[in-house]
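**Q** I have a structure I would like to understand better, so I am pasting it below and will then ask my questions one at a time.
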Amino acid sequence: MKGVGADEPYWLALSAGQLKLPECSACGKAHWPAVWRCGECGSWEQQWTSFELSGTIFSWARTWHEFGASKEFGLPYVSVVVEIDNADGRRLLGTIAGNAESIRIGDRVHGEVISVNIEDENIPALRWYLDGNSSTSKASNSGATL
Amino acid sequence: MNRASQGKVSVAGIGLRQYKRGGAPLPEQGILIRAIIDACEDAGFNPADIDGFVSYGDDKNEPVRLMPDLGTKELRWNSQVWGGGGGGIAAAFGQAAAAIISGQANAVIVFRALAQGNSGRMSAAVMRHHLNDHIVGAGLIAPAQICALRAQRMFEYYQVPHSVTEELVKASYYHGSKNPEASSFGKELDIEAYRTGRWVTEPFRLFDCSRENDGAGALLLVSTERARDLKKPPIRLLGVANGASQGWGDLIENDTDYASAGFKPVADRLWEQTGLQPKDIDVVQLYENFSAQGIASLIDHGFCNYENVAEFVKFENLIADGGKLPVNTSGGNFAQGFIHGVGTPIEAVRVLRGESANPVTNAKTCLLAGGPGAPTVSSAIFGVDDR
Ligand SMILES: [Zn+2]
């Protein structure tokens, strides 16, 4: 298993329960996936800044078929693309707590970092909760909080 | 492809061997050899004279290993389009044409072969190409799930009605039901079964998904001049484009035009280079891994848009003969069979030759729209030899 591009600082931060994303030190371009070199200005310097685990649902998909994902998700489960607040439109992937029957694009969410076991390896991942829906957020019972 | 190259290369022969998933009577390489020989017999061409091969989608059959069975005298070109999905299918014809037009090879086979016993599940192989901790941590391990996320955006945010996918699937099964080679031959789609099929990943139910077959397909390409001396009328490659533009690619779901299938820049290039427009296309072979991606592909190519998609994507418009734009006249990946899409260019050739099980009267141009939603996609236009 692996990350994408130059995203090791993302995983280190996530393992510590934090969200960090990169911006070009020279021109300020918000990159994601992470890059080694800024394709806009040619700089090799990236700075990683912290973001709140909050955003809006950009899209979602509820999986019913057993594709062989981590058993911790159970079935069905909802995978989401979340547009992170104040992050120049950058999106992160995760799952939503519970069956989230009412989920709609544009819903506000807040997140936490969980640990997901994949092929005997624990990786940090994002678990999201629909805001203003306490029954949904309490329905989370899979994935240990880091 | 520039104007000077257009129509210079043609498909001269086709071969397709299709079996139930897990049901191939020979290992993958064996059925591939059969399909290549079928294509040569179709063209009246000596297999030993094939000197080039192109594939796509991480095919495992390295061409040099085919030489002893084919009697290949000299291998001059072997290449594969990057990308794990079907996005490269039309681009493979671009590579074959580049080889022939530049004089690096004379007779090139475009192929794809898949047998579960050798290559495992195709969907799993496609996904292995893309897997990383971002997506597996979100429970995403199958192409259906990634495509579902994009489809949901199309349905919910852009308000494309769900009815359009039903129309497309229905038309595919209508064609498949009349095609003796199709997995759905003799069986039209039961609409209730479609509507109540089990959920795979919302918004996709069972019949929104293409189901894999074992098999192999091969198309023989030579110069149009040479093709004119062979058995069947040449089907010319009029244009081909592939790739991605900035803001699209392998971007962990950060693609700009997220609900699209990624074709807009590729389609624009195709129209520009050929001087053709959507209205000039007589029939479409549309790679549909999933129903919504087929719709997004039609939109990207400019046949319709988010506003008028429901008026355009109607069963009566999509069927042969007589529909405004017959789509997937063999049944397509849904209903003919799914060997990583290689049936779609083969049907493009058949329908232009007048050999389709669902003929389109006077069809002169056929668009091949490759695998939608992949990080790189490709499309091609084939035409009859009328000049
Ligand atoms: Zn920069």
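So the protein sequences, as listed, match chains A and B.
Residues -12 to 133 in the numbering used here are what the first sequence spells out, letter by letter.
Residues 44 to 430 in the numbering used here are what the second sequence spells out, letter by letter.
For each residue, glycine too, the CB sits at the ideal point set by N, CA and C.
In chain order, which continuous runs of the alpha helix (DSSP H) of length 4 or greater are located wholly inside the region 123 to 169 of chain B?
**A** Correct list: 132 to 144, 159 to 162.
**Q** Would you say Tyr201(B) lies against chain A (beta-carbon separation less than 8 angstroms)?
**A** Residue numbering aside, residue 201(B) sits at position 158 when the second sequence is read from its first letter. No, its Cβ sits nowhere closer than 8 angstroms to a Cβ of chain A.
**Q** Going by DSSP, what residue range makes up the alpha helix (DSSP H) through Val309(B)?
**A** As a first step, residue 309(B) must be located in the second sequence, where it is residue number 266. 307 to 317 is the span of the alpha helix (DSSP H), which, as asked, contains Val309(B).
**Q** Can you give the Cα-Cα distance for Gly129(B) and Leu113(A), rounded to whole angstroms?
**A** For the purposes of this step, residue 129(B) is taken as residue 86 along the second sequence, with counting starting at 1. For the purposes of this step, residue 113(A) is taken as residue 126 along the first sequence, with counting starting at 1. Each residue's Cα considered, the two are about 30 angstroms apart.
**Q** Indicate whether at least one CB of chain B lies closer than 8 angstroms to the CB of His52(A).
**A** Taking the first sequence and counting its residues from 1, the one referred to as residue 52(A) is at position 65. True, the Cβ-Cβ gap to chain B drops below 8 angstroms.
**Q** Just the chain A side, please: which residues come within less than 9 angstroms of Ile362(B) by C-beta, in chain order?
**A** Position 319 of the second sequence, counted from the start, is the residue given in the question as residue 362(B). Going along chain A, no residue has its Cβ under 9 angstroms from Ile362(B), so there is no contact; the nearest lies around 30 angstroms.
**Q** Near ligand 1, which residues have their beta-carbon closer than 6 angstroms to a heavy atom?
**A** Chain-ordered list of matching residues: Cys11(A), Ala13(A), Cys14(A), Lys16(A), Cys25(A), Glu27(A), Cys28(A), Ser30(A).
**Q** Just checking: is the beta-carbon of Ile92(A) within a distance shorter than 8 angstroms of some beta-carbon in chain B?
**A** Position 105 of the first sequence, counted from the start, is the residue given in the question as residue 92(A). Answer yes: the Cβ-Cβ gap between Ile92(A) and chain B drops below 8 angstroms somewhere.
**Q** Does the separation of the CB atoms of Arg155(B) and Ala259(B) fall below 8 angstroms?
**A** On the second sequence, residue 155(B) is found 112 positions in, with the first residue counted as 1. On the second sequence, residue 259(B) is found 216 positions in, with the first residue counted as 1. Result yes, Cβ atoms of Arg155(B) and Ala259(B) sit closer than 8 angstroms.
**Q** Quick check: what's the CA-CA separation for Phe247(B) versus Cys11(A)?
**A** Within the second sequence, numbered from 1, the residue matching residue 247(B) stands at position 204. Within the first sequence, numbered from 1, the residue matching residue 11(A) stands at position 24. Looking at the two C-alpha atoms, the distance is approximately 39 angstroms.
**Q** Rounded to a whole number of angstroms, what is the C-alpha to C-alpha distance between Glu59(A) and Trp51(A)?
**A** Start at 1 with the first residue of the first sequence, and residue 59(A) comes out as number 72. Start at 1 with the first residue of the first sequence, and residue 51(A) comes out as number 64. Straight-line Cα distance between these residues: approximately 14 angstroms.
**Q** For Arg91(A), count the other beta carbons within 10 Å of its own beta carbon; 16 or more makes it buried, fewer makes it exposed. Which is it?
**A** Stepping through the first sequence from its first residue, residue 91(A) is reached at position 104. Exposed, by the Cβ-count rule.
**Q** In chain A, what lies closer than 7 angstroms to Val243(B) by C-beta?
**A** If you number the second sequence from 1, residue 243(B) lands on position 200. Correct list: Trp51, His52.
**Q** Excluding five sequence neighbours on each side, which residues of the same chain lie with their C-beta closer than 8 angstroms to the C-beta of Pro70(B)?
**A** By 1-based counting over the second sequence, the position of residue 70(B) is 27. Excluding residues within five positions, the ones whose Cβ falls inside 8 angstroms are Ala158, Gly160, Asn161.
**Q** Enumerated in chain order, which unbroken segments of the alpha helix (DSSP H) with a length of 4 residues or greater are wholly contained in the region 160 to 221 of chain B?
**A** As far as the region 160 to 221 of chain B is concerned, its whole alpha helix (DSSP H) runs of at least 4 residues are 165 to 171, 176 to 179, 186 to 195, 206 to 220.
**Q** What number of angstroms, rounded off, separates the C-alpha of Pro276(B) from the C-alpha of Asn104(A)?
**A** Position 233 of the second sequence holds residue 276(B). Position 117 of the first sequence holds residue 104(A). Cα to Cα, Pro276(B) sits roughly 57 angstroms from Asn104(A).
**Q** Would you say Val96(A) faces chain B, with C-beta separation under 8 angstroms as the test?
**A** Residue mapping note: residue 96(A) aligns to position 109 of the first sequence, counting from 1. Taking Cβ atoms only, chain B never reaches closer than 8 angstroms to Val96(A), which makes this a no.
**Q** When you compare only the Cα positions, how much space is there between Glu210(B) and Glu231(B)?
**A** The sequence position of residue 210(B) within the second sequence is 167, counting from 1. The sequence position of residue 231(B) within the second sequence is 188, counting from 1. Answer to the nearest angstrom: the Cα atoms are 13 angstroms apart.
**Q** Comparing the C-beta of Pro9(A) with each C-beta of chain B, is any distance below 8 angstroms?
**A** Taking the first sequence and counting its residues from 1, one reaches residue 9(A) at position 22. Not one chain B Cβ lies under 8 angstroms of Pro9(A).
**Q** Which class does Ile83(A) belong to by DSSP, given the choice of helix, strand or coil?
**A** Start at 1 with the first residue of the first sequence, and residue 83(A) comes out as number 96. Strand, per DSSP.
**Q** Going by beta carbon distance, what residues of the same chain come within less than 7 angstroms of Val243(B), once the five residues before and after it are set aside?
**A** Counting from 1 along the second sequence, the entry for residue 243(B) is found at position 200. Cβ neighbours of Val243(B) beyond the five flanking positions: Ala187, Leu249, Cys252.
**Q** Beta-carbon within less than 6 angstroms of Asn128(A)'s beta-carbon, same chain only, minus the 5 sequence neighbours each way: which residues are those?
**A** Along the first sequence, one-based indexing puts residue 128(A) at 141. Bear in mind that a pLDDT of 38 at Asn128(A), under 50, signals an unreliable position, so the model cannot answer this.
**Q** Which residues in the same chain have their Cβ closer than 6 angstroms to the Cβ of Ser66(A), if we skip the five residues on either side of it in sequence?
**A** What you label residue 66(A) is simply residue 79 of the first sequence in a count that begins at 1. Counting only Cβ-Cβ distances below 6 angstroms, and skipping sequence neighbours, we find Ala48, Thr82.
**Q** Which residues does DSSP pair with Cys11(A) in a beta bridge?
**A** Here residue 11(A) refers to the residue found at position 24 when the first sequence is read from its first residue. Looking at the DSSP assignment, Cys11(A) forms a beta bridge with Gln33(A).
**Q** Mapping DSSP to helix, strand and coil, what is Leu133(A)?
**A** Looking up residue 133(A) in the first sequence gives position 146. Because the pLDDT of Leu133(A) is 44, which lies under 50, any placement of that residue in the model is unreliable, and the question is left without a value.
**Q** Quick one: does Gly416(B) have its CB under 8 angstroms from some CB of chain A?
**A** In the second sequence, residue 416(B) corresponds to position 373, counting from 1. So no, Gly416(B) is outside the interface.
**Q** How big is the Cα-Cα spacing for Leu133(A) and Leu410(B)?
**A** Indexing the first sequence from 1 puts residue 133(A) at position 146. Indexing the second sequence from 1 puts residue 410(B) at position 367. Legend: pLDDT at Leu133(A) = 44, less than 50; position of this residue unreliable, no value from coordinates given.
**Q** Can you list, in chain order, the residues of its chain with a C-beta nearer than 7 angstroms to that of Tyr200(B)? Leave out the 5 residues immediately preceding and following it.
**A** Translated into the one-based positions of the second sequence, residue 200(B) becomes position 157. Ala302.
**Q** Taking CB distances under 8 angstroms as the criterion, tell me whether Ala185(B) reaches chain A.
**A** Numbered from its first residue, the second sequence carries residue 185(B) at position 142. It does; some Cβ of chain A falls within 8 angstroms.
**Q** Against Ile74(B), what residues of chain A qualify as contacts under a CB-to-CB distance less than 9 angstroms, listed in chain order?
**A** Translated into the one-based positions of the second sequence, residue 74(B) becomes position 31. Result: empty, since nearest Cβ-Cβ is about 27 angstroms, beyond 9 angstroms.
**Q** Among Glu245(B), Asp300(B), Arg193(B), which residue has its Cα nearest to the Cα of Val68(A)?
**A** The residue you call residue 68(A) lines up with position 81 of the first sequence. Taking only the C-alpha atoms, the option nearest Val68(A) is Arg193(B).
**Q** Can you find a CB in chain B that lies within less than 8 angstroms of the CB of Thr43(A)?
**A** Within the first sequence, numbered from 1, the residue matching residue 43(A) stands at position 56. Taking Cβ atoms only, chain B never reaches closer than 8 angstroms to Thr43(A), which makes this a no.
**Q** Counting only C-beta atoms, is Val179(B) closer than 8 angstroms to chain A at any point?
**A** The residue given as residue 179(B) occupies position 136 in the second sequence. Yes, because at least one Cβ of chain A sits closer than 8 angstroms to the Cβ of Val179(B).
**Q** Verify the CB distance criterion: does Asp300(B) have a CB-CB separation below 8 angstroms to chain A?
**A** Taking the second sequence and counting its residues from 1, one reaches residue 300(B) at position 257. False, the Cβ-Cβ gap to chain A never drops below 8 angstroms.
**Q** Going by DSSP, what residues sit across from Ala236(B) in a beta bridge?
**A** In the second sequence, residue 236(B) corresponds to position 193, counting from 1. In the DSSP output, where bridge partners are listed per residue, Ala236(B) has none listed.
**Q** Just to confirm the assignment, what range does the beta strand (DSSP E) spanning Leu410(B) have?
**A** In the second sequence, the residue the question calls residue 410(B) occupies position 367. Residues 408 to 412.
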